[in-house]
Amino acid sequence: MKTVRTKAVLDIDLSDPGPIPEKTIDKAVSLMRTGRLHRYGEFAESEPHVSLFEEEFASCLGSKYAVAVNSGGAALFLALKVANIGPGDNVLVNAFNLAPVPGAIDHVGAKPVPVETCDDFLINLENLERLASENQAKALLLTHMRGHIANMQEVMRICEQSRLLLIEDCAHTMGAKWDGQFTGRFGQLGCFSSQTYKHINSGEGGILVTDDADMATKAILYSGSYMFYGQHRSMPSVDVFESWKQQIPNYSMRMSNLSACLLRDQLNQIPERARIWNERYRWLESRLNQVPDIVVPPRDPREEFVGSSIQFHLNLPPENIDRIVVRCGKRNVAIKWFGRKHPVGYTSQYFHWGYMDP
Numbered sequence: 019m020k021t022v023r024t025k026a027v028l029d030i031d032l033s034d035p036g037p038i039p040e041k042t043i044d045k046a047v048s049l050m051r052t053g054r055l056h057r058y059g060e061f062a063e064s065e066p067h068v069s070l071f072e073e074e075f076a077s078c079l080g081s082k083y084a085v086a087v088n089s090g091g092a093a094l095f096l097a098l099k100v101a102n103i104g105p106g107d108n109v110l111v112n113a114f115n116l117a118p119v120p121g122a123i124d125h126v127g128a129k130p131v132p133v134e135t136c137d138d139f140l141i142n143l144e145n146l147e148r149l150a151s152e153n154q155a156k157a158l159l160l161t162h163m164r165g166h167i168a169n170m171q172e173v174m175r176i177c178e179q180s181r182l183l184l185i186e187d188c189a190h191t192m193g194a195k196w197d198g199q200f201t202g203r204f205g206q207l208g209c210f211s212s213q214t215y216k217h218i219n220s221g222e223g224g225i226l227v228t229d230d231a232d233m234a235t236k237a238i239l240y241s242g243s244y245m246f247y248g249q250h251r252s253m254p255s256v257d258v259f260e261s262w263k264q265q266i267p268n269y270s271m272r273m274s275n276l277s278a279c280l281l282r283d284q285l286n287q288i289p290e291r292a293r294i295w296n297e298r299y300r301w302l303e304s305r306l307n308q309v310p311d312i313v314v315p316p317r318d319p320r321e322e323f324v325g326s327s328i329q330f331h332l333n334l335p336p337e338n339i340d341r342i343v344v345r346c347g348k349r350n351v352a353i354k355w356f357g358r359k360h361p362v363g364y365t366s367q368y369f370h371w372g373y374m375d376p
């Protein structure tokens with residue numbers, strides 16, 4: 019009698035973000051019963067969840083100011099706006115990226131200039147240095163893509179040498195450090211995300227951090243504070259607002275109280291989440307590197323990463339890779355392939371963004 023061998027199917031959902039903590043759900047329900055989901059109050063002060071979250075987030079990073087908005091993309095857009103990036107400006111950006119990043123550059127009317135990526139998924143520093151000198155770029159929007167952190171001493175050297183303003187996209191590196199310093203604290207501005215599949219989850223949300231009083235003030239006003247900026251806790255002095263409050267348009271990009279309520283308790287969970295993710299990352303890394311044609315690039319010991327996902331190279335022809343991805347999907351192992359000829363789901367390549375000039 020012939021035995022038919024069945025193929026194992028993974029019985030867990032790798033895309034499951036995990037539940038919101040029970041105590042946070044209770045707080046969110048209590049907030050909903052008040053109905054005060056908007057962060058500002060005109061005749062009576064609203065619940066201060068967003069203001070408290072901003073204060074707590076800034077404290078965690080050691081930043082002077084934090085401004086919470088409705089998405090990570092909104093944080094990137096506002097960072098570019100407060101840095102006076104606009105039409106006619108070139109902005110260097112990792113070619114290996116997600117669509118909202120060049121989209122934010124296009125949103126302010128500037129031109130995204132893609133920088134090559136190395137085999138370790140990091141921005142190519144030689145190409146960055148060359149493009150910085152050739153393109154008269156005004157800024158570098160550096161994405162720590164999928165949690166991979168470049169040599170930030172070298173990045174800072176190039177930025178200072180070329181007078182590039184540095185904005186860090188830390189959507190995948192909340193809680194991560196390079197050589198003992200948090201990501202988001204190297205550049206003039208740092209941007210974070212609380213979209214469901216990031217390190218803290220409010221469905222959608224973004225945070226901008228900076229030590230610059232003028233930039234923080236403009237971000238608060240742009241985000242849609244009206245004249246209620248005094249209800250912020252993480253804010254410059256009121257005198258700074260006097261200079262800007264009638265010069266800055268309102269873009270209505272505020273975070274809601276409900277989103278902030280969901281996030282506040284999760285901040286304290288980041289170190290423990292990072293520990294669990296990194297244990298899983300190292301376990302999977304060791305096993306993937308035993309498989310022929312799979313390479314997980316080594317990580318620099320100065321990088322205190324948060325391994326909430328893992329990336330690897332599969333050294334096979336594209337048609338073979340496609341078949342493997344499909345077969346893995348049938349066994350409930352979800353793999354995203356960034357090498358496809360056409361964009362699929364969240365994944366795309368720089369040449370898919372047809373609005374960018376060649």
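To get my numbering, take the position in the sequence shown, counting from 1, and add 18.
Every residue gets a Cβ at the ideal spot worked out from N, C-alpha and C, and that includes glycine.
Beta-carbon gap between V133 and L149 smaller than 7 Å:
Position 115 of the sequence shown, counted from the start, is the residue given in the question as residue 133. Position 131 of the sequence shown, counted from the start, is the residue given in the question as residue 149. Contact: yes.
Please classify P319 as buried or exposed, where buried requires at least 16 neighbouring CB atoms within 10 angstroms.
In the sequence shown, residue 319 corresponds to position 301, counting from 1. The residue is exposed, with fewer than 16 neighbouring Cβ atoms inside 10 Å.
Looking only at its chain, what residues have a beta carbon closer than 8 Å to the beta carbon of R349, apart from the 5 residues adjacent to it on each side?
Against the sequence shown, residue 349 aligns to sequence position 331. Same-chain partners within the cutoff: K25, A26, V27 and L28.
Given this structure, state the Cα-to-Cα distance separating I238 from H190, to the nearest angstrom.
What you label residue 238 is simply residue 220 of the sequence shown in a count that begins at 1. What you label residue 190 is simply residue 172 of the sequence shown in a count that begins at 1. Roughly 24 Å between the two C-alpha positions.
Classification of T228 by the beta-carbon crowding that lies within 10 angstroms, buried from 16 upward:
Indexing the sequence shown from 1 puts residue 228 at position 210. Its Cβ being crowded by 16 or more others within 10 Å, T228 is buried.
Between the C-alpha atoms of L49 and P39, what's the straight-line distance to the nearest angstrom?
Stepping through the sequence shown from its first residue, residue 49 is reached at position 31. Stepping through the sequence shown from its first residue, residue 39 is reached at position 21. C-alpha separation (whole angstroms): 15 Å.
Inspect the beta-carbon positions of I225 and A101 and report whether they are closer than 7 Å.
Counting from 1 along the sequence shown, the entry for residue 225 is found at position 207. Counting from 1 along the sequence shown, the entry for residue 101 is found at position 83. Contact: no.
So, using beta-carbon positions, are A234 and P254 closer together than 7 Å?
Locating residue 234 in the sequence shown gives position 216, counting from the first residue. Locating residue 254 in the sequence shown gives position 236, counting from the first residue. Yes, the pair counts as a contact, with Cβ atoms nearer than the cut-off.
Straight-line CA distance for V109 to A157?
In the sequence shown, counting from the first residue as 1, residue 109 sits at position 91. In the sequence shown, counting from the first residue as 1, residue 157 sits at position 139. Between the C-alpha atoms of V109 and A157 there is a straight-line separation of about 5 Å.
Taking the alpha-carbon of V309 as reference, which of L334, Q264, S326 and S327 has the nearest alpha-carbon?
As a first step, residue 309 is located in the sequence shown; it is residue number 291 there, counting from the start. The option with the nearest alpha carbon to V309 is L334.
Check whether the Cβ atoms of N275 and L55 sit closer than 7 Å, and answer yes or no.
Translated into the one-based positions of the sequence shown, residue 275 becomes position 257. Translated into the one-based positions of the sequence shown, residue 55 becomes position 37. Yes. Within cutoff.
I'd like the span of the beta strand (DSSP E) that includes N108, first residue to last.
As a working mapping, residue 108 is identified with position 90 in the sequence shown. N108 to N112 is the extent of the beta strand (DSSP E) around N108.
Please name the residue or residues paired with E186 in a DSSP beta bridge.
As a first step, residue 186 must be located in the sequence shown, where it is residue number 168. DSSP, once it has assigned bridges, lists L160 and G208 as partnering E186.
Grouping DSSP H, G and I as helix and E and B as strand, with all else coil, what is A194?
By one-based count along the sequence shown, residue 194 stands at place 176. Residue state, collapsed to three classes: coil.
Our contact map puts N219 next to Y244 with C-beta atoms below 8 Å; I'd like the distance itself, whole angstroms only.
Position 201 of the sequence shown, counting from 1, holds the residue named residue 219. Position 226 of the sequence shown, counting from 1, holds the residue named residue 244. Actually they do not touch by this definition, with Cβ atoms about 28 Å apart.
Cβ neighbours of G325 in the same chain (closer than 6 Å, five flanking residues each side left out)
Here the question's residue 325 lines up with position 307 in the sequence shown. Result list for G325: W295, N296 and Y299, in chain order.
Quick one: any contact between the segment 171-186 and the segment 137-151, if contact means 3 or more CB pairs under 8 Å?
yes
Going by other Cβ atoms of all chains shown within 10 Å of its Cβ, with 16 needed for buried, is T52 buried or exposed?
Sequence index remark: in the sequence shown, residue 52 carries index 34 (1-based). By the neighbour-count rule (16 or more Cβ atoms within 10 Å), T52 is not buried but exposed.
In its own chain, which residues sit with a C-beta less than 6 Å from the C-beta of P105, not counting the 5 before and 5 after it?
Here residue 105 refers to the residue found at position 87 of the sequence shown. Hits under 6 Å: G127.
Can you list, in chain order, the residues of its chain whose CB lies under 7 Å from that of L302, leaving out five sequence neighbours each side?
Position 284 of the sequence shown holds residue 302. Result list for L302: I328, in chain order.
Starting from P118, trace the alpha helix (DSSP H) both ways and give me its first and last residue.
By one-based count along the sequence shown, residue 118 stands at place 100. Boundaries of the alpha helix (DSSP H) harbouring P118: P118 to H125, taken from the DSSP string.
Run of the alpha helix (DSSP H) containing P289, from where it starts to where it stops:
Counted from its first residue, the sequence shown places residue 289 at position 271. From DSSP, the alpha helix (DSSP H) with P289 extends over I288 to L306.
Which partner residues of E147 appear in the DSSP bridge assignment?
Locating residue 147 in the sequence shown gives position 129, counting from the first residue. None; E147 has no bridge partner.
Nearest neighbour of E383, chosen from L160, R164 and G165 [CA to CA]
With the chain represented from 19 up to 376, any question about residue 383 goes unanswered, as that position is not in the structure.
Same chain, Cβ closer than 6 Å to K45, five either side skipped, listed in chain order
Working through the sequence shown from its first residue, we reach residue 45 at position 27. Excluding sequence neighbours, K45 sits near C279.
Could you pull the start and end residues of the alpha helix (DSSP H) that P336 belongs to?
Position 318 of the sequence shown, counted from the start, is the residue given in the question as residue 336. Note, P336: alpha helix (DSSP H), P336 to K348.
Between the Cα of I123 and those of S304, V68 and I185, spot the shortest distance and give me the residue it belongs to.
Stepping through the sequence shown from its first residue, residue 123 is reached at position 105. Ranking S304, V68 and I185 by Cα distance to I123 puts I185 first.
Whole-angstrom Cβ separation of D197 and M174, contact assumed at under 8 Å?
Indexing the sequence shown from 1 puts residue 197 at position 179. Indexing the sequence shown from 1 puts residue 174 at position 156. The Cβ separation is near 11 Å, so there is no contact.
Cα separation between F356 and E72?
Against the sequence shown, residue 356 aligns to sequence position 338. Against the sequence shown, residue 72 aligns to sequence position 54. C-alpha separation (whole angstroms): 34 Å.
Run of the beta strand (DSSP E) containing I353, from where it starts to where it stops:
Residue numbering aside, residue 353 sits at position 335 when the sequence shown is read from its first letter. Looking at the DSSP string, I353 is not in any beta strand (DSSP E), and its letter there is neither H nor E.
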